[in-house]
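Written out below as structure tokens is the structure these notes cover.
In my numbering, the protein residues as written are -7 to 659.
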């Protein structure tokens, strides 16, 4: 056994272990008191009884290692070295908090200690931890990522997806299950089959061990052995700490699901009582030393409370800080297209964009279902595995949540992942990771962390693939702050948007319409990166404005051609970027034409078209000569039969009819 795997029970070390646990326990007790005084609000999940797990595991980690915690993370943060002052201020929601007052009790972040925060979604942190480890492994870093979660997470799909991914890719993660026997109010034996959580890990070929989580020395010993092995082998391991929480699930919890006598019995064998008694019996500490530790800790807590009470609130004027990056590089200047052109398909333009990005930056890699050996569900990545190898063209299991979360984590380490989700319908399986992590982590962490990941997915109908493969949900994602949402329709945008997206410090979603992959046209030989903030007027006109994006662009241009033959000249705006919307281009056009029709392949109710119409009404109401018109998909799941599918999607004839209606002409 190496020195790093041994627990050296020197007087200094055991005193520090005890002090660390007492510090957590007393901090938690003060937080409970402050909660009853309504100085701490929201959910408050206390760690009382589980202190040995955080203290034991953190003792085995090095400063460069990464930590992903759960919503019950005060103990993890304190044991990791996050300052108590900043944690307490965060509990108050103050500007000096470790997350700038934007995270609160469940979302403590600290970049200085590589503490990647608590995650309020059960099992939501596991894919992120896998991604952090993936990024480190791909960059040759000698780090371990420790990921804490409760036993309730073992029933979630993300637990199983992530363990499979970690084992498959040999990711250096120490998964730490704090089995406190109750997932909220349901006992473990009532909610899960299969015995110990550690047994579930073995099903994926992951080495695991179950230890007494009330024994800090046992936890530290096991953690040191596992961390040492992970560093040597880059293989994940799982440590299950059998523990018990002495308090309710949260301060909202009336705790009617277990007897008080059960809690009393567990308190008798709590980690602090047990370790303290052992130290006293073995003469390794004296009562007066324990009293001195308690006094020191109480003084530290009092100072933290006083500091939090006096700390300033974040001004309301800075409400929108840390939603998007302030330091994104300027978009490239548009170059005049060269006279030299090449004939290329939309599919090949996307492939060329990926290849160009990978040649420019070795941090760029592609991951997703069947992107490698198969060549991609729509053949976009065909041949790229042979060109760049399996490490950079990375086939994933069929586990959208895990591999999307892993891509997000890898991006947080400095890698540049391009995640391919086969269809937008499948992206709903990864919505947790996209919305609750990628879009929020910058804000929740007070700007300390970001997730600059690019996620590509196919969208739209027209191929008779029926309802579960054919919807246009990009408007849903355009609703979410913290994301950029792009819809390239032209060859130039298919070729150019990706590189610009990869330079952003924010997550970017790219929606590729399924009907465009086979489109062929001429592309300038010098085609390159493009602006991803601005809409483009694809056709100039003076009578009305047609506003569209993605799958309806060419239908709208065709409708504009037919309208021109009827004497109606239309501006055609290709939004290209759905979040942020280019209000300036829209308003400028509509202010001149005084009429507008929005064409949107999303459903009409709650659609992106409704948002655009509302903005036009807000800015152009007194200039309009007619109500804003809309052409959207029928409010039905996309059907299989070809004639019904066509009837469900916007068509040229409908666009023409809507345009003539706002012009005051009979259809």
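Every residue gets a Cβ at the ideal spot worked out from N, C-alpha and C, and that includes glycine.
Judged by their CB atoms, residue 388 and residue 415 are not nearer to each other than the 9 Å cut-off.
Secondary structure of residue 67 (DSSP, three-state): helix. Following the DSSP letters along the chain, one finds residue 408 in no alpha helix (DSSP H) but inside the beta strand (DSSP E) bounded by residues 408 to 415.
According to the DSSP secondary-structure assignment, residue 139 is paired through a beta bridge with 60, 167. In this structure, the beta-carbon distance from residue 35 to residue 97 falls below 9 Å.
Here the alpha carbon of residue 292 sits roughly 29 Å from the alpha carbon of residue 233.
Membership of residue 10 in the alpha helix (DSSP H) is indicated by the continuous run 3 to 28. When DSSP reads this structure, residue 595 sits in a beta bridge with 625.
Counted as a single uninterrupted DSSP element, the beta strand (DSSP E) harbouring residue 515 occupies residues 512 to 516.
Straight through space, the alpha carbons of residue 273 and residue 120 are spaced by roughly 43 Å. For the pair of segments examined, the region 438 to 453 was found to touch the region 395 to 405: the number of CB pairs separated by less than 8 Å reaches three. Within a 10 Å sphere around the beta-carbon of residue 657 sit fewer than 16 other beta-carbons, which makes this residue exposed.
Around the beta carbon of residue 172, a 10 Å sphere encloses 16 or more other beta carbons of the protein chains shown; the residue is thus reported as buried. The C-alpha of residue 87 is placed about 41 Å away from the C-alpha of residue 542.
A Cβ-Cβ contact shorter than 9 Å links residue 166 with residue 228. Just measuring C-alpha positions, the residue of 547, 267, 288 sitting nearest residue 207 is 267. Between residue 321 and the set 252, 494, 427, the nearest pair of CA atoms involves 494. Taken through DSSP and simplified to helix, strand or coil, residue 144 comes out as helix.
Our two residues, residue 1 and residue 9, have alpha carbons roughly 10 Å apart in a direct line. Of 147, 161, 214, the smallest CA-CA separation from residue 192 is found for 147. Under the three-state reduction of DSSP, residue 616 is assigned to coil, being neither helix nor strand. Between the C-alpha atoms of residue 574 and residue 567 there is a straight-line separation of about 7 Å. Of all C-beta pairs linking the region 128 to 140 to the region 215 to 224, three or more are shorter than 8 Å, placing the two stretches in contact. In the structure shown, residue 584 adopts helical secondary structure according to DSSP, grouped into three states. The residue from 391, 16, 28, 218 with its alpha-carbon nearest to that of residue 156 is 391. Beyond the five residues adjoining it in sequence on each side, residue 247 comes within less than 7 Å, by CB distance, of 240 in the same chain, given in chain order.
Nearest to residue 645 by alpha-carbon distance, out of 591, 400, 600, is 591.
Residue range 376 to 380 is occupied by the alpha helix (DSSP H) that includes residue 378. Under the rule that a run must span 4 or more residues, the alpha helix (DSSP H) segments found entirely inside the region 262 to 293 read 263 to 273. Residue 355 sits in coil when the DSSP states are folded into three classes, being neither helix nor strand.
Spatial neighbours of residue 637 in its own chain (CB-CB distance under 8 Å, excluding positions within 5 residues in sequence) are listed in chain order as 453, 454, 456, 462, 630, 631.
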